[in-house]
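In the working numbering, the protein residues as written are 9 to 452.
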Amino acid sequence: MGMNMVSIILKKKAGEVLTTEEIRFVAQGAAKNTLPPEQLSAWLMAVCWRGMDDRETADLTLAMAYSGDVVDLSAIPGVCVDKHSTGGVGDTTTLVLVPLVAACGAPVAKMSGRALGHTGGTLDKLESIPGMRIYLDQAAFIDQVRRVGCAVVGQTQSLAPADKLLYALRDVTGTVDSLPLIASSIVSKKLAAGSGAIVLDVKTGNGALMPTLDASVALARAMVRIGKLAGKPTLALVTGMEEPLGSHVGNALEVKEAIDILAGRAAGPLLRVSLALGSQMLVAAGKAADLVQAEILLQKALASGAGLAKLRDMIAAQGGDPRVTEDVSLLPRARHLSPVPAERDGYVDHMDTVAIGRAAQLLGAGRETKEQAIDTAVGLVMHKRIGEAVAKGEPVATLHANDPALARQAAAVLARAVTIGGAQTAPPPLIHAIIMPDTEEYFT
9 MGMNMVSIIL
19 KKKAGEVLTT
29 EEIRFVAQGA
39 AKNTLPPEQL
49 SAWLMAVCWR
59 GMDDRETADL
69 TLAMAYSGDV
79 VDLSAIPGVC
89 VDKHSTGGVG
99 DTTTLVLVPL
109 VAACGAPVAK
119 MSGRALGHTG
129 GTLDKLESIP
139 GMRIYLDQAA
149 FIDQVRRVGC
159 AVVGQTQSLA
169 PADKLLYALR
179 DVTGTVDSLP
189 LIASSIVSKK
199 LAAGSGAIVL
209 DVKTGNGALM
219 PTLDASVALA
229 RAMVRIGKLA
239 GKPTLALVTG
249 MEEPLGSHVG
259 NALEVKEAID
269 ILAGRAAGPL
279 LRVSLALGSQ
289 MLVAAGKAAD
299 LVQAEILLQK
309 ALASGAGLAK
319 LRDMIAAQGG
329 DPRVTEDVSL
339 LPRARHLSPV
349 PAERDGYVDH
359 MDTVAIGRAA
369 QLLGAGRETK
379 EQAIDTAVGL
389 VMHKRIGEAV
399 AKGEPVATLH
409 ANDPALARQA
419 AAVLARAVTI
429 GGAQTAPPPL
439 IHAIIMPDTE
449 EYFT
């Protein structure tokens, strides 16, 4: 091969551009475990310091995407559209979106990963449904999407193995916050999952991966450019995370909120973002001529109950108890409910969204290590949003806990996370921008 990892590290350390072959060599070495972790760590740090241009980033994405199995969705009629969120607190959009979009005739074949952080990932939320299976082999996965119209399953170990190893190293070497590394990691998994088009939800604000709007837009642009270079239609919405998106934060609690929305019992920002993303997915799948027609289709699927019926069908197909869609009390429930009262009269003017997530994690809703078990019943429900009036003693949130000692710790964190001021502030913007390969639209 004639490639030498030390010379590749030195080349990037000097700020030079790597060739496609050099990048493939690194990705293959990570996938096959033929390069020592200290060399891969040094290379990651060099990329962190020196960056990568668009072509290098696209090369790394493709090399990681094709470092293992690539899912072939060609047996599914139509364009499969995938959606990915960079993650936030109370971000339950997948559970609302997938059935709604599928009810409008666009197939959704979604692979999700496990999450570290304040709550579980989509897989943990789904596992709170009694009996739900999240690991299907490829044939069963494709068959379910053909029959039901949608499936949400766990990524197989053989999907983008180079990314798995590099991601784990980034976590322990302080090289997480590199734009090319974040963008290539996300898009490589989407390409390996085989979808025909990708809609990204890039969060911005104090509860997001990228706290500033500029950084979020830069990440959105990078991922959209990679998608274009990889020949995959890709667009991104930049959406706000200055407060939890849904009012429920947890695992079973978030499933309950998704069911409440699909049943027409709840609305708010979570539904608005779900409709915005879903409209883009329907246009990308060729099921609607434009965003206006797409939203009409989604609203009809919501009003008729077709979205809820599709969620029920997906749960049943994956071995879960479909009765949860009619009776949310069949989901796991915490033993103790404890309100967190407001300390003064006024208006909610700020939320530390990360701290609210941490309160849910303290209760057992999230994990700090991959091995950690999650308590799917616990979490919290927010009763107030930014800009809303609150009276002293009125609950700003209710904690759902199984351990009273943990509830006391979480209550202290949550009380500090919600700031009450004397003057009313405007609610934070929800959708900041739409980033497409050739055009950008800004709303704030």
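Beta carbons are placed, not taken as given, at the ideal position from N, Cα and C, and that holds for glycine.
- Task: Within its chain, find whatever has a CB closer than 8 Å to the CB of V389; leave out the 5 residues flanking it on each side and keep chain order.
- Result: S255, H256, V257, L261, A405, T406 and H408
- Query: What residues in its chain sit with their C-beta under 6 Å from that of A4, if we drop five residues either side in the sequence?
  - Reply: Any question about residue 4 goes unanswered here, given that the chain covers just 9 to 452.
- Starting from S49, follow the alpha helix (DSSP H) in both directions and report where the run begins and ends. P45 to R58
- If we count the other Cβ atoms within 10 Å of its Cβ and call it buried at 16 or more, is L162 buried or exposed? One point to set straight first is that residue 162 is Gly, not Leu, in the sequence displayed. Looking at its Cβ environment, which holds 16 or more other Cβ atoms inside 10 Å, G162 is buried.
- How is the alpha helix (DSSP H) around L305 delimited, first residue to last? First-last of the alpha helix (DSSP H) with L305: L299 to A311.
- Message: Which residues does DSSP list as the beta-bridge partners of S346?
- Response: L407
- Opposing strand residues paired with R366 [DSSP bridges]: The partner list for R366 (beta bridge, DSSP) is empty, contrary to what the question assumes.
- Item | Cβ-Cβ distance between L245 and L279 below 8 Å | no
- With 16 other CB atoms within 10 Å as the buried threshold, where does Y175 fall? buried
- Task: Within the region 206 to 259, note down every full alpha helix (DSSP H) run reaching 4 residues or more, in order along the chain.
- Result: 221 to 237
- Does the beta-carbon of N259 have 16 or more other beta-carbons within 10 angstroms, so that it is buried, or is it exposed? buried
- Item | When M289, E334 and P436 are compared against G86, the one with the closest alpha-carbon | The residue with the shortest Cα to Cα distance from G86 is M289.
- Query: What residue does the beta strand (DSSP E) around A441 start on, and which one ends it?
  - Reply: I439 to I443
- Message: Is the separation between the beta-carbon of T333 and that of I267 shorter than 8 Å?
- Response: yes
- Message: Assuming the contact rule is C-beta atoms closer than 8 Å, V97 and P252 should be a hit. Round their C-beta distance to whole Å, please.
- Response: That pair is a contact at about 4 Å.
- By how many angstroms is the C-alpha of A302 removed from the C-alpha of R63? 34 Å
- Looking at C-alpha atoms only, which residue of A350, R178, A399 and N410 is the closest neighbour of A342? N410
- Query: Taking C-alpha atoms, which residue in R393, V426 and E402 lies nearest to A434?
  - Reply: Checking every option, the nearest Cα to that of A434 belongs to R393.
- Would you identify the three-state DSSP class for K21, choosing helix, strand or coil? Three-state result, K21: helix.
- Item | Rounded separation between A415 and E351 - CA only | 18 Å
- Let me know the secondary structure DSSP gives Y175 once reduced to three states. If DSSP states are grouped into helix, strand and coil, Y175 belongs with the helices.
- Query: If we ignore side chains and look at the alpha-carbon of each, how far apart do N12 and R32 end up?
  - Reply: 12 Å
- Task: Return the residue from the list V421, K118 and A50 that minimises the CA-CA distance to V180.
- Result: Of the listed residues, the one whose Cα sits closest to V180 is A50.
- Item | T427 - containing alpha helix (DSSP H), residue span | Segment V426 to G429 is the beta strand (DSSP E) holding T427; no alpha helix (DSSP H) there.
- Would you list, in sequence order, the uninterrupted beta strand (DSSP E) runs of no fewer than 3 residues that lie entirely inside the region 133 to 183? 158 to 162
- Item | Where D353 falls, given that 16 or more other Cβ within 10 Å makes a residue buried | exposed
- Message: Buried or exposed for R366, going by 16 or more other Cβ atoms inside 10 Å?
- Response: buried
- Message: Report the CB separation of A170 from M72 in whole angstroms; it is logged as a contact under 8 Å.
- Response: Rounded to the nearest angstrom, the Cβ distance from A170 to M72 is 4 Å, consistent with a contact under 8 Å.
- Query: So is T220 buried or exposed if we call it buried at 16+ other beta carbons inside 10 Å?
  - Reply: Answer is exposed; the Cβ neighbour count stays below 16.
- Short Cβ contact (8 Å threshold) for V263 with L371: no
- Query: With DSSP run on the structure shown, which of helix, strand or coil describes K392?
  - Reply: coil
- Report the three-state DSSP secondary structure of E448 (helix, strand or coil). It is a strand residue.
- Task: For my contact list, G327 and M140 are in at a C-beta cut-off of 8 Å; report their separation, rounded to the angstrom.
- Result: 6 Å
- Query: Should A325 be labelled buried (16 or more other beta-carbon atoms within 10 Å of its own) or exposed?
  - Reply: buried
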